[in-house]
Structure formats: C-alpha cells, structure tokens
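According to mature numbering (1 follows the signal peptide of the UniProt record, and there is no 0), the residues represented by the sequence shown are -24 to -1, 1 to 235, in order. Using N, Cα and C, we set each Cβ at its ideal position, and we do this for glycine too.
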Amino acid sequence: MKLINSFINITILLLCIMSLQARAHHLTYLMIANQAEPFQINTADHQFNSGIISDVINQLASKKPFTFTTHVMPYKRYAHEIEKQTYKNWISYGSPLWRKNTGFRDQNDRLSKQALFRASHLLVQRNNDTQHYARIDDLLGKRVILLKGFDYPGLTPYIASGKINKVESNSHQSALNALKNSRGDVFIEMESRIRYAIKQHNIDQSAFKYTDIAHITPSLNIHLAYGDDIDQAMIDWIDDQIVIMKATGKLEAIITRYQ
C-alpha cells in the first residue's frame, strides 16, 4: 500500500512539474500593427503573420516544444501594455540604444545577448529638392515626416524644443506619399523599412533621393526582447539558437527574404 501511495505521489509531482514547464514555455508574442514592416508583417485581419522577427520566432518554436500566442496592436497600445506588464511572458524585439529613452526602457530592459541584425536610417527627400542634409542643423525649421508614436535617437530633443517640425504618419506608404505631395520636407526611417515599403507598394523610387544619416540618427542593433516572467534558461537557449542560425546562414536567409 505504501509503495502504491509513493508511486501516486511521484506521479502527481511529475505531472505538476510538467504542468509548470508547459506554462513556462508558453509565450505571448507582441506585434506592432502596420508600422513595423519588414520586422513584423500582419494581414488586415491579423490571421497571417510574417516578417524577420516573426520568422525567427517561428523557427525557434520549431526547435523547442514551446508555444506562443500572438497579439497584434497599434504601437502606442503595444508600448502601454509592455509598460503596464499586462503580459509578463511577452517576447518581441528591441534595441540597447532605445534604453536611453526612459519612456521605452520597459521594452528594452531584457534583450537577447545576440543581436539579430543591424539597422541604419535613411533620409528621403524629393528628387527635385536641391537641399543637402549633412548635419542636424540642416533639418532645423524643416517638416520631418516620422512614423506616429516612434522615437528617433538624435532627433527627439530638437522635436521637443520645436526646432524640428514633426509630421506624423501612420505607415511607411502614407509617409512616402506625404513626402511626394510636399506635405513634408523629408522622411526619416530605417533603411530596411523604406526599401520594403517601396517594393511592396510599387512606389517609384526614382522620385526620391536617399541619404544615409548615421551622423544624425545612429545605426542600431535589433535584438529579441523579453518580459520579466520568461525563464532565463529559455533566454539562454534562444541565444544559443541565434548563434547556430547565424553560423548556418538561416538568419541571413530570413533577412534576405524581406529585402
């Protein structure tokens, strides 16, 4: 009888451990709606998700028995839910450079050791615009089109002081259209996002001129970002997998897919 009771107790203990492990391995993937392409791409009905970050997470999920639920939301709500810690087991993306802005620290507090890729910024202007933008002073008094809700290192103090006039846009496509129609003087965004929008929406790229502005808005590394309740062992495993994905060319293949 004692042997049977011991067996039952051990079985219950194992089931409890398995249940805890299952819960620890269920993540909440947070996606930004319509503003984060090609990092995160979602259809109008949010039924199909892709993009560099989404593909990396899907690749990781195929290697380890963890599951995830996807939540797609506008950027302001995305940042609010992270700050509020609505989902403590969330996974998304971030950058060490964004930690400097205290309003975005929660999104970038726990990052993967391994960067996924490096992102640079471009300044886009109309092709018939003769202005040369070599330094931040060249932007003073200009109407700069930026994605609504996003922060741009190097520009924020000048926008806050009113020295640069910010024109907000809800998407990369609408930003490029606004520039084309002279509703702003320049559009500043990550190069990969600009190139992707031009390609996806069949925008005539010859209508614009492009300038690398690392001297104004620095390049940054993009990492996976994690909520407080994700186990450190899981994060360490993900870092190991990113190293393998880099070494085998799988990460580069994902990035190339969206160029």
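In whole angstroms, give me the CA-to-CA distance for residue i and residue j.
i: Y128; j: T193; result: 7 Å
i: Q(-4); j: A209; result: Low confidence applies here, because Q(-4) scores a pLDDT of 46, under 50, leaving its location unreliable; read the following figure in that light. One C-alpha to the other measures close to 12 Å.
i: I140; j: A151; result: 17 Å
i: L6; j: D114; result: 37 Å
i: A154; j: R119; result: 11 Å
i: G203; j: T106; result: 46 Å
i: Q35; j: Q217; result: 9 Å
Compare the Cα-Cα distances from residue i to each of the options and report the closest residue.
i: I121; options: R111, S147 and D85; result: S147
i: G125; options: M49, F15 and E144; result: E144
i: E57; options: W213, D82 and D188; result: D82
i: R169; options: D85, T132 and G27; result: G27
i: K52; options: S137, L123 and M166; result: L123
Could you round the C-beta distance between residue i and residue j to whole angstroms and report it? I think they count as a contact, below 8 Å.
i: A95; j: I198; result: 6 Å
i: Y63; j: I29; result: With a Cβ gap of about 16 Å, Y63 and I29 do not count as contacting.
i: A201; j: L87; result: 5 Å
In or out: residue i buried (at least 16 other Cβ within 10 Å) or exposed?
i: R(-2); result: Bear in mind that the predicted position of R(-2) carries a pLDDT of just 44, short of 50, making it unreliable; the figure below should be weighed with that in mind. It is exposed - the Cβ of R(-2) has fewer than 16 other Cβ atoms within 10 Å.
i: D180; result: exposed
i: L116; result: exposed
i: I174; result: buried
i: residue 296; result: Summary: the structure shown does not reach residue 296, with the chain confined to residues -24 through 235, and so no result is reported for it.
i: A55; result: buried
i: S158; result: exposed
i: F184; result: buried
i: A223; result: exposed
i: F163; result: buried
i: S71; result: buried
What ranges does the alpha helix (DSSP H) occupy inside the segment 78 to 152, keeping only unbroken runs of at least 4 residues that lie completely in it? If we require 4 residues or more, the alpha helix (DSSP H) runs fully inside the segment 78 to 152 come out as 132 to 136.
Just to confirm the assignment: which complete alpha helix (DSSP H) runs, minimum length 4, are found wholly within the segment 10 to 75? Runs found: 28 to 37 and 51 to 60.
Whole runs of the alpha helix (DSSP H) within the segment 156 to 222, excluding any shorter than 4 residues: Listed in chain order, the alpha helix (DSSP H) elements of length 4 or more contained wholly in the segment 156 to 222 are 167 to 176.
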